[in-house]
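All remarks here apply to the structure that follows.
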Amino acid sequence: MSKTQKYSLAPIPPADWNDNIVNALSSFPGGLKYVSSHWQETGEIARGAYVLGTLAHHTDLAKAFLTFNNHVATNSTLSARERELLILRIGWLRKCEYEYIQHVILGKRAGLLDDEIARTQIGPDADDWTGQDATLMRVADELNADARIGDSNMAELSKHYSAQQIMDMIFLIGCYESVAMAIKSFNIPLEPGSPTLDDETRRKMFSQ
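Okay, structure coming up:
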């Protein structure tokens, strides 16, 4: 491998998922069902298949991590909208196009509007945030920069969120930091047919 050649780990496609792999990936049941049913019905690779297919190389890790991922992404004390705001912000800060695009789609399903999604690219100082949204943006920014929520922001959070909700925020950010690290380290590509960032948005992501 040359010094400039990027390392990649080819995702194992759904057609090659054996019982051991399926058992491990079932720790994230919604994702597994979506990818598997799409493959069975159309023979095509669905969104998310390449991340699951990469985890399939290490089934013990996949089972443990996806159990954690399933909690913070679907079963936590936060609303779906709050979760998606946080994931979009950390995906943007980590310059992870794959993660950001996936959660633009999921964010819209959770009720986020286009202008709210656009504001996740700016962060807590964007105009027109309402309620606690700017506080959530600041959570992602502070955890990304300092690995802690700052004292003033923690005081603000504590007025509106329980200890369990704040814990779920912290571990959600940590989870999607890990996902972004894997995506970028292994150069996991977008699945065929996935939307992409337009040139201006991609330029903004990678210039910050």
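This note's numbering puts the first residue of the sequence shown at 2, with every later residue one more than the last. Backbone N, C-alpha and C define an ideal beta-carbon position, used for all residues, glycine too.
Start and end residues, alpha helix (DSSP H) containing residue i
i, result
"Asn71", "Thr60 to Asn71"
"Thr121", "No alpha helix (DSSP H) contains Thr121, which DSSP labels as neither H nor E."
"Lys205", "Asp200 to Ser208"
"Gln165", "Ala164 to Ser186"
"Arg149", "Neither: Arg149 is in no alpha helix (DSSP H) and is coded neither H nor E."
"Leu10", "Premise fails: Leu10 is in no alpha helix (DSSP H) and is neither H nor E."
"Gly54", "Ala50 to Leu56"
"Ile22", "Asp20 to Leu26"
Reduced DSSP secondary structure (H/G/I, E/B, other) of residue i
i, result
"Val36", "helix"
"Gln103", "helix"
"Gly194", "coil"
"Asn76", "helix"
"Lys96", "coil"
"Gln41", "helix"
"Ile91", "helix"
"Met2", "With a pLDDT of only 49 at Met2, under the threshold of 50, the placement of this residue in the model should not be trusted; the figure read from the coordinates follows. Coil at Met2, not helix or strand."
"Thr131", "coil"
"Gly108", "helix"
"Ala47", "coil"
Beta-carbon spacing of residue i, residue j below 7 Å
i, j, result
"Ile88", "Tyr162", "no"
"Arg90", "Thr131", "no"
"Leu79", "Leu53", "no"
"Phe13", "Ala63", "With the sequence shown as reference, residue 13 is identified as Ile, and Phe is not the correct amino acid for it. No; because the gap between Cβ atoms is not below 7 Å, this pair is not in contact."
"Gly32", "Gly44", "no"
"Ala81", "Ala111", "yes"
"Asn19", "Thr60", "no"
"Ser9", "Phe207", "no"
"Arg95", "Ala148", "no"
"Ser77", "Asp169", "yes"
Integer Cβ distance of residue i from residue j, believed to fall under 8 Å
i, j, result
"Ser213", "Leu67", "Here the chain has residues from 2 to 209 only, and residue 213 is not among them."
"Leu158", "Ile167", "6 Å"
"Gly108", "Ile123", "Incorrect: roughly 15 Å between the Cβ atoms, too far for contact."
"Leu137", "Glu83", "6 Å"
"Leu191", "Val73", "In fact, because the Cβ distance is near 23 Å, the residues do not count as touching under 8 Å."
Check: residue i C-beta below 6 Å from any heavy atom of the ligand ZN
i, result
"Arg203", "Ligands in the displayed structure: none, and consequently the ligand ZN is not present."
Q.
Using 8 Å as the cut-off, can you tell me whether the segment 135 to 155 makes contact with the segment 53 to 68, which would need three or more C-beta pairs spanning the two stretches below that distance?
A. Output reads no: the segment 53 to 68 does not touch the segment 135 to 155.
Flag this pair as touching only if the segment 97 to 115 and the segment 187 to 201 have three or more C-beta atom pairs under 8 Å; answer yes or no.
Yes, they touch.
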